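Under my numbering, think of the first position of the sequence shown as 205, with each following residue one higher. Ideal Cβ placement from N, Cα and C applies to all residues, glycine included. Here the structure is a predicted model, which is why all the values come from computation and not from measurement.
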Amino acid sequence: MSASIVRNTLLSPAYTEKVLAMPPAGEAQATLKEILLRFRNMKDSASEMQTEIHLVKPILRTLGYSVESKPKFFEDHVKGPDFALFCSEQDRLATSNLWGTKDFFRNSVAVLSVKRYGRNLAEGITGFFLDFESRIPLYQVMYLSKRSDTPWGILTNGKTWILCRKPRSFEKRLIELSLDDLDSPDSEETLHLFYHLFSCMGLKEHLPALFAEERAELIDILKERKASITKLLQDTTKKAEFYPRLIPYCKELFPDANLSLTESYLKERNVTAPPAQTPKGLRLLNGHDGPDVVTYLFTKKEVPVSFSVEDLILEGTKEVFVKESLFALRILDLTPGFGAVAAHLVEGLTYLSFTLPYRERNTFVAEWENEATLNRCILNTLLYGVEKSHLALDILQNSMMSRFQERASHYRLGDALLGMSLADLEGLFETRSQTDLFSKPPEGIIREFRNMYRLYFSLSDRIKEDIEEKRELDVKLARYRERLRDILDLLTASYFTKKSEEKKIKELLYALDSDESKWQRARSEQWFVSAKQLARKNAFFHMEIEFPLLLNGAFDLVIVQPWLAYAWEEKVPVIEMTKAYIKRASAYVKPSGKILLVSGESTAKLADELAKSKKYILTQKGTWIVLRKA
């Protein structure tokens with residue numbers, strides 16, 4: 205990849221090389237270099253206006269555009285684009301009578317926004333009269349191209365140029381080039397790329413042709429891979445057998461993928477994966493498409509993730525919804541798969557954050573106005589997930605790192621349908637039962653466990669006294685958490701075995717606060733070891749233990765893909781699985797919360813079946829269904 209490409213989610217490596225192989229635009233490239241060199245002497249002190257006049261306008265003329273300066277946008281309180289770009293003066297004049305309307309922008313090739321030379325385009329800054337101007341510039345141009353229905357948006361600070369395709373929903377399809385280092389040996393290559401991508405000819409001819417060719421070629425390769433994988437998995441359903449067969453395909457698609465969970469699982473069973481190969485089709489894949497491509501290859505049936513994050517979050521809200529409301533949300537994905545839903549959520553939530561006002565005017569939260577920290581905040585605070593497959597969770601985490609440079613810290617390995625709640629322990633409480641001499645009754649310990657977490661989450665990570673108190677709480681919470689997890693594992697395992705150990709489980713429940721030596725003795729007994737092995741094998745997952753926010757709260761939104769069945773699994777009975785997931789989700793969603801079913805072609809049939817229940821209010825939208833508690 206060219207050193208001048210800062211990031212690229214627009215074209216695959218193979219098709220970026222095809223752009224580099226196009227005939228050079230000698231005269232145009234020489235003119236571009238001359239303009240950039242001339243501006244270099246004034247760039248350090250250049251204002252936004254000077255950048256626009258002395259750099260951007262001359263470059264646009266060289267790229268073949270006729271420019272409409274400062275076109276009026278059609279929304280109040282929104283700073284419109286600095287330029288509307290047309291491929292000829294004739295096109296611009298023919299549209300001039302529509303000036304300031306949506307039709308005017310629809311007839312343009314692109315809209316362009318200019319920022320002060322060198323300004324960070326992924327970070328908002330405070331101090332502007334219009335809140336819109338304080339927001340992240342990249343999202344400004346996405347918003348303008350989306351709302352004006354213009355096919356392309358261009359954002360520049362003179363130093364960096366970003367070409368952004370109009371989002372279908374909220375995805376970032378862009379290529380970002382740096383034109384700063386003209387003394388580099390690669391400067392001619394940089395100008396070559398810049399001209400063929402950002403010019404009028406690039407937007408009107410080169411890129412549409414490349415997209416069509418790339419799509420057709422990639423589809424053929426993926427169909428062949430899909431058939432190969434299906435054949436490969438015909439005779440096995442054991443993870444220790446099919447994981448090694450699939451790892452080479454993962455490494456083919458993502459050479460730098462970290463498959464630590466999968467490889468650890470195989471290592472425990474003394475299984476070695478074959479070495480990865482690098483077939484011809486590898487460079488046709490844009491890493492941005494990773495979750496969707498792997499979902500197509502490794503599932504029995506692909507259902508596009510098409511729900512609108514904005515509609516889903518905002519619909520039915522009774523109060524004014526502001527940024528603070530958004531970042532207070534907690535969302536659980538019960539079927540994350542390979543990360544397609546997670547990626548869709550992050551991009552949708554970041555864009556929605558951009559459009560929402562603060563509760564009070566003149567508020568500015570730096571973490572929410574920087575692309576990198578915004579992604580981190582959403583992945584580390586808002587989103588939770590439970591994934592049953594080691595390989596799927598590995599690919600999801602790799603996809604999040606590739607796309608957002610951040611792992612999804614609250615996505616865990618486990619089977620969301622195999623687990624118990626702390627409420628299930630109440631049946632084991634007996635008022636006449638005696639605890640150890642110095643121990644507390646289990647109901648009191650569980651109540652204390654909840655209160656300790658409430659206190660823990662209220663403490664600051666910046667105040668010295670709070671940090672010290674959190675450290676002390678960590679020790680107690682870790683001990684109770686481990687013991688409660690053990691008891692819930694034992695209780696869940698008892699449903700899988702003929703011999704019930706309820707008496708022994710009850711003894712441990714009444715020894716929650718006992719000395720560690722008693723627990724060590726219990727953990728060494730065969731019945732305990734066997735139950736824990738069963739729990740590990742079947743990935744038991746106890747929601748309140750793994751997601752402590754549930755001890756004193758609940759989720760605002762729970763997402764389920766009931767159709768999701770991996771290529772190595774038996775066919776899923778969609779309606780039965782959906783009902784099981786709804787039952788599980790309803791225990792952990794707020795009374796005012798929502799359950800989203802991404803149901804694909806099964807939507808109508810599923811909606812008819814679910815409409816029979818009086819427990820939920822059902823709303824069907826295309827290929828997805830929203831349930832609310834009645």
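For L581, which residues in the same chain have their Cβ closer than 8 Å to its Cβ, ignoring the five residues on either side in sequence?
Residue numbering aside, residue 581 sits at position 377 when the sequence shown is read from its first letter. At residue 581 the sequence reads Cys, which differs from the Leu that was named. Excluding positions up to five away in sequence, the list reads F531, E571 and W572.
For L516 versus L810, is the C-beta distance shorter than 8 Å?
Looking up residue 516 in the sequence shown gives position 312. Looking up residue 810 in the sequence shown gives position 606. No, the pair does not count as a contact, with Cβ atoms beyond the cut-off.
Is it buried or exposed, W356, if we count other Cβ atoms within 10 angstroms and call 16 or more buried?
Taking the first residue of the sequence shown as 1, we reach residue 356 at position 152. Result: buried.
Would you kindly report the start and end of the unbroken alpha helix (DSSP H) that includes R487?
Taking the sequence shown and counting its residues from 1, one reaches residue 487 at position 283. Taken as a continuous stretch (DSSP letters only), R487 belongs to no alpha helix (DSSP H), as it is neither H nor E.
Using a threshold of 8 Å, state whether the C-beta atoms of D598 and T466 are closer than that.
Taking the first residue of the sequence shown as position 1, residue 598 is located at position 394. Taking the first residue of the sequence shown as position 1, residue 466 is located at position 262. Yes, Cβ-Cβ distance for D598 and T466 is below 8 Å.
Report yes or no: do the segment 223 to 234 and the segment 395 to 415 share at least 3 C-beta pairs separated by less than 8 Å?
yes
Measuring CA to CA, which of Q765, S391, V223 and E417 is closest to K237?
Reading the sequence shown from its first residue, position 33 is the one you call residue 237. The shortest Cα separation from K237 among Q765, S391, V223 and E417 belongs to S391.
Under 8 Å by Cβ, that's how I've got Y343 and F558 pegged, so tell me the actual separation to the nearest angstrom.
Translated into positions along the sequence shown, residue 343 becomes position 139. Translated into positions along the sequence shown, residue 558 becomes position 354. Contact holds; Cβ gap of about 4 Å.
Along the beta strand (DSSP E) that carries T823, what are the first and last residues, could you check?
Start at 1 with the first residue of the sequence shown, and residue 823 comes out as number 619. Note, T823: beta strand (DSSP E), Y820 to K825.
How long is the line joining the alpha carbons of L215 and G631, rounded to whole angstroms?
Here residue 215 refers to the residue found at position 11 of the sequence shown. Here residue 631 refers to the residue found at position 427 of the sequence shown. Their Cα atoms are separated by approximately 58 Å.
Using 8 Å for Cβ pairs, my map puts A348 next to I358. What's the rounded Cβ distance?
Locating residue 348 in the sequence shown gives position 144, counting from the first residue. Locating residue 358 in the sequence shown gives position 154, counting from the first residue. Contrary to the premise, residue 348 reads as Leu rather than Ala in this sequence. The Cβ separation is near 10 Å, so there is no contact.
Using the DSSP secondary-structure output, state which residues sit across from I239 in a beta bridge.
Taking the first residue of the sequence shown as 1, we reach residue 239 at position 35. According to DSSP, I239 bridges with nothing at all.
Give the straight-line distance between the Cα atoms of R242 and A234, rounded to the nearest whole angstrom.
Indexing the sequence shown from 1 puts residue 242 at position 38. Indexing the sequence shown from 1 puts residue 234 at position 30. In this structure, the straight-line span from the alpha carbon of R242 to that of A234 is close to 12 Å.
Less than 8 Å between C-beta atoms, sequence neighbours within five positions excluded: which residues of the same chain meet that for P483?
Counting from 1 along the sequence shown, the entry for residue 483 is found at position 279. Caution is warranted here: a pLDDT of 49 is assigned to P483, below 50, making its placement in the model unreliable, and no coordinate value can be reported.
Taking only three categories from DSSP, how would you classify Y588?
The sequence position of residue 588 within the sequence shown is 384, counting from 1. Y588: strand per DSSP, three-state reduction.
If you draw a straight line from the C-alpha of Y770 to the C-alpha of S790, how long is it?
As a position in the sequence shown, residue 770 is number 566, starting the count at 1. As a position in the sequence shown, residue 790 is number 586, starting the count at 1. Taking the straight line joining both Cα atoms gives about 25 Å.
Residues in its own chain within less than 6 Å of L814 by CB, not counting five upstream and five downstream?
Here residue 814 is taken as the residue at index 610 of the sequence shown, counted from 1. If we look at L814 and ignore the five residues flanking it on each side, its Cβ neighbours are L822.
Let's see if you can read the secondary structure: which residues bound the beta strand (DSSP E) around Y615?
Residue mapping note: residue 615 aligns to position 411 of the sequence shown, counting from 1. Counting along the chain, the beta strand (DSSP E) containing Y615 begins and ends at Y615 to L617.
Could you tell me whether the segment 307 to 321 touches the segment 403 to 418, where touching means 3 or more Cβ pairs closer than 8 Å?
yes
Taking just the CA atoms, how far does F308 sit from T554?
Position 350 of the sequence shown, counted from the start, is the residue given in the question as residue 554. Position 104 of the sequence shown, counted from the start, is the residue given in the question as residue 308. Whole-angstrom Cα-Cα distance: 28 Å.
To the nearest angstrom, how far is the alpha carbon of I763 from that of V802?
What you label residue 763 is simply residue 559 of the sequence shown in a count that begins at 1. What you label residue 802 is simply residue 598 of the sequence shown in a count that begins at 1. The alpha-carbon atoms of I763 and V802 are separated by roughly 8 Å.
So K283 packs on D353, CB below 8 Å; how close in whole Å?
The residue given as residue 283 occupies position 79 in the sequence shown. The residue given as residue 353 occupies position 149 in the sequence shown. The beta-carbon separation of K283 and D353, rounded to 18 Å, does not stay under the 8 Å limit for a contact.
Hey, would you say L518 sits closer than 8 Å to F511, going by beta carbons?
Position 314 of the sequence shown holds residue 518. Position 307 of the sequence shown holds residue 511. No; because the gap between Cβ atoms is not below 8 Å, this pair is not in contact.
Assuming contact is defined by CB atoms lying nearer than 8 Å, are A288 and E272 in contact in what I supplied?
The count along the sequence shown starts at 1 and reaches residue 288 at position 84. The count along the sequence shown starts at 1 and reaches residue 272 at position 68. Cβ distance < 8 Å, so A288 and E272 count as in contact.
For N474, which three-state DSSP category applies?
As a working mapping, residue 474 is identified with position 270 in the sequence shown. Coil at N474, not helix or strand.
If you drop the 5 nearest sequence neighbours on each side, which residues of the same chain put their C-beta closer than 7 Å to that of R607?
Counting from 1 along the sequence shown, the entry for residue 607 is found at position 403. Excluding positions up to five away in sequence, the list reads H492 and A547.
What are the boundary residues of the alpha helix (DSSP H) that E706 is part of?
Mapped onto the sequence shown, residue 706 falls at position 502. Here the alpha helix (DSSP H) through E706 covers E706 to L713.
Just tell me which of G304, M624 and A834 has its CA closest to the CA of F278.
The residue given as residue 278 occupies position 74 in the sequence shown. Nearest of G304, M624 and A834 to F278, Cα basis: G304.
Along the chain, where does the beta strand (DSSP E) containing V802 start, and where does it finish?
The residue you call residue 802 lines up with position 598 of the sequence shown. Where V802 is concerned, the enclosing beta strand (DSSP E) stretches over V793 to V802.
Going by alpha carbons, who is nearest to K703 out of L240, H594, E711 and S734?
Sequence index remark: in the sequence shown, residue 703 carries index 499 (1-based). K703 has its Cα closest to that of S734, out of L240, H594, E711 and S734.
Could you tell me the distance, in whole angstroms, from the CA atom of P508 to the CA atom of S403?
On the sequence shown, residue 508 is found 304 positions in, with the first residue counted as 1. On the sequence shown, residue 403 is found 199 positions in, with the first residue counted as 1. When rounded, the distance between both Cα atoms is 33 Å.
Check each candidate in Y660, L629 and K222 and name the one with the smallest Cα separation from P645.
Residue numbering aside, residue 645 sits at position 441 when the sequence shown is read from its first letter. Comparing Cα-Cα distances from P645 to each of Y660, L629 and K222, the minimum goes to L629.
Closer than 7 Å by C-beta to V590: which residues in its own chain qualify, once you throw out the five before and the five after it? Chain order, please.
Walking along the sequence shown from the start, residue 590 turns up at place 386. So the list reads L538, R616, G618, A620 and F745, once near-sequence residues are dropped.
Are the CB atoms of V210 and V414 within a distance shorter than 8 Å?
Taking the first residue of the sequence shown as 1, we reach residue 414 at position 210. Taking the first residue of the sequence shown as 1, we reach residue 210 at position 6. Contrary to the premise, residue 414 reads as Leu rather than Val in this sequence. For L414 and V210, no; Cβs fall outside 8 Å.
What does the Cβ neighbour count give for L302, buried or exposed, with the cut at 16 atoms within 10 Å?
Residue numbering aside, residue 302 sits at position 98 when the sequence shown is read from its first letter. It is exposed - the Cβ of L302 has fewer than 16 other Cβ atoms within 10 Å.
Among residues of its own chain, excluding the 5 on either side of A834, which ones have a beta-carbon nearer than 8 Å to its beta-carbon?
Walking along the sequence shown from the start, residue 834 turns up at place 630. Closer than 8 Å at the Cβ level, and outside the excluded window around A834, lie K818, K819, Y820 and I821.
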